Amino acid sequence: MHIEFTHVPGPSLAAVGEVATPFFFDLRESEQMLAAIENAGFDRIVVDDAGGLLTNMDLAAQAMRRTGALDISLTHWAGAIEPAVAARQLAAIDSIGGGRLSIRVMTATQGDGEPASHVETLQRTDEYLVLLKRLWTNDRPIDHEGPAYSVRNGFVAPKGPRGAEIPLRMNGLSGTTFRVAGRHADVFELPFATPDHIRHIVERVRQAALECGRAGQPKFALPLRFDRFSRRQNADSAGDLGSAIRAGSPERIALALLPYVSLGVREFMIGGLNDRGAVADFGEHVIPIIRNSAARRDGRETAWPQPADAPPAWTASESKAARH
Numbered sequence: 055m056h057i058e059f060t061h062v063p064g065p066s067l068a069a070v071g072e073v074a075t076p077f078f079f080d081l082r083e084s085e086q087m088l089a090a091i092e093n094a095g096f097d098r099i100v101v102d103d104a105g106g107l108l109t110n111m112d113l114a115a116q117a118m119r120r121t122g123a124l125d126i127s128l129t130h131w132a133g134a135i136e137p138a139v140a141a142r143q144l145a146a147i148d149s150i151g152g153g154r155l156s157i158r159v160m161t162a163t164q165g166d167g168e169p170a171s172h173v174e175t176l177q178r179t180d181e182y183l184v185l186l187k188r189l190w191t192n193d194r195p196i197d198h199e200g201p202a203y204s205v206r207n208g209f210v211a212p213k214g215p216r217g218a219e220i221p222l223r224m225n226g227l228s229g230t231t232f233r234v235a236g237r238h239a240d241v242f243e244l245p246f247a248t249p250d251h252i253r254h255i256v257e258r259v260r261q262a263a264l265e266c267g268r269a270g271q272p273k274f275a276l277p278l279r280f281d282r283f284s285r286r287q288n289a290d291s292a293g294d295l296g297s298a299i300r301a302g303s304p305e306r307i308a309l310a311l312l313p314y315v316s317l318g319v320r321e322f323m324i325g326g327l328n329d330r331g332a333v334a335d336f337g338e339h340v341i342p343i344i345r346n347s348a349a350r351r352d353g354r355e356t357a358w359p360q361p362a363d364a365p366p367a368w369t370a371s372e373s374k375a376a377r378h
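Per my numbering, residue 55 is the first one in the sequence shown, and the count goes up by one each step.
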C-alpha cells in the first residue's frame, strides 16, 4: 500500500527574520518551501489562508504554477460563492496543474436571516456538491431549483481535465456529516484520536458510503502536528502523540502511527514543519520508514502493537460528538 503525506503549512519564520508570516507571504520563500516539500516526498499541500476562499483560489493557482507534481488541496467553503461560478473557477485551477487539485469542503453559514441549523447547513452543502458535479459533467447548460440554490443555464466550458472526478475531502463528527461524506467524499479527514475512536468513525463513514453504493470509499486521512520537528533533536525522546508530536526517533514515530494504518488510514496530514530544514529531515528520515513499514504489512491482518506512550483519549465532549 502507498501511504500519502500532506503538508499543512503554518507560519514561516524564514521570510522576515523571526517574525511569523503566512506561508505565501514572501514569493521567493514560498517557492523554495514548495520545492522542499515536493522534494521531500510529500504528495500534496493544503492551501488554507486567512484571506478566505477567493484568496485560496488565487494561491492554489500560484502553487500549481510553481510545482510539477505536488497535488494542491484547496480549502473551499461550500456556498461562499454561487455554485456555477465556483465550478468554473475550480475547473480552471485544476486545468492549470493538469489535474492536481482536490477540494477540502467546509460548511459555510448562509450569512442572512436566521442562523441555519447544523443539519440545514449540511443539506445545503449536499445540494452544492451535487451541483458542482453536474456542472463539471454536463455537456449542455442545466437548470436547477432546489431548497438552497437556483441555477439557470449553468454551464462550465471548458471542463477541467478530470471532469467531475476532482477529489472532494470532508471532515466532521456528526451523523449528518457522515451521511453527506458517505455520498460525496473521496477522502475523509479524521480528528486526531485514539485508535479505538478512529475505528468507530471509520466504520460509521464506511457504512454511510456503502448505503450510497460507494463500497470501499472514502479514503481516510489523519492530521498530525509536529512540535518543531528536527532529526537533530534528541532521537531517544518519546514520540509523544497528543495534540502535537515531539520529535523522537523515526522508528518510534512509525511505531506510533502504524496502528492507524491498520484501521484504514492511508494519508497523514503533517503540520508544524515550518522551515525547509524540518521538511527535509522529515522527508529523509520519517516518510521512508512509515512507507516501508506499511508496505511490509501488506498481506498481514494482525494489528501493529500500540506503543506504551499511546495517544491520550479524547475529551468527554469530543467522545460524545463522535458517538452521535
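Glycine included, each C-beta is placed from N, C-alpha and C at the ideal position.
Because the structure is a prediction, the values reported are computed rather than measured.
For the beta strand (DSSP E) assignment, the uninterrupted runs of no fewer than 3 residues enclosed by the stretch 196–250 are, from N- to C-terminal side, 196–199, 204–208, 222–225 and 241–243. Put simply, the backbone Cα of A334 is about 27 Å away from that of A247. Taken in chain order, the unbroken stretches of alpha helix (DSSP H) that lie wholly in the stretch 78–137 and span 4 residues or more are 81–93 and 107–120. Across the set R82, T230 and L276, the C-alpha of L276 shows the shortest separation from the C-alpha of V241.
Pairing A117 with I126, the inter-Cα distance amounts to about 7 Å. A check of alpha carbon separations from I324 across T230, G318 and L311 identifies L311 as the nearest. The three-state reading of DSSP puts I341 in helix, counting H, G and I together. Setting aside the 5 residues that flank it on each side, A348 is surrounded in the same chain by M55, I57 and V315, each with a C-beta closer than 6 Å to its C-beta; the list follows chain order. Residue nearest to W131 within the set G326, A141 and G122 is A141 (criterion: CA-CA distance).
A contact is defined here as three or more CB-CB pairs under 8 Å, and the stretch 218–225 meets this definition with respect to the stretch 146–161. In the DSSP assignment, no residue is bridged to G153. H172 is classed as exposed because its beta carbon has fewer than 16 other beta carbons within 10 Å across all chains shown. DSSP, read as helix, strand or coil, puts A310 in helix. Secondary structure at P304: helix, using DSSP grouped into helix, strand and coil. As the crow flies, the alpha-carbon of R233 is around 43 Å from that of R82. For the pair I150 and A94, the CB atoms are not nearer than the 7 Å cut-off.
Contact check for D197 and V205: beta-carbon distance about 6 Å, within the 8 Å limit, so the pair qualifies. Residues G236 of the same chain have their beta carbon placed closer than 8 Å to that of L264, with the five preceding and five following residues left out of the count. Between E181 and the set E199, R119, T191 and N192, the nearest pair of CA atoms involves E199. Exposure of N207 is indicated by the presence of fewer than 16 other C-beta atoms within 10 angstroms of its C-beta.
Ranking I147, P221 and A308 by CA distance to the CA of Q271 puts P221 first. Straight-line spacing of the CA atoms in I252 and R194 works out to 43 Å. Judged by DSSP secondary structure, H56 falls outside any alpha helix (DSSP H); it is assigned neither H nor E. Counted as a single uninterrupted DSSP element, the alpha helix (DSSP H) harbouring R188 occupies residues H172 to T191. If you ignore the 5 residues before and after L185, its C-beta comes within less than 7 Å of the C-beta of P137, H198, Y203 and V205, all in its own chain and listed in chain order. At the C-beta level, F280 and V319 stay beyond 7 Å of one another. Ranking Q261, A134 and P215 by CA distance to the CA of T175 puts A134 first. At the C-beta level, L155 and R120 stay beyond 7 Å of one another.
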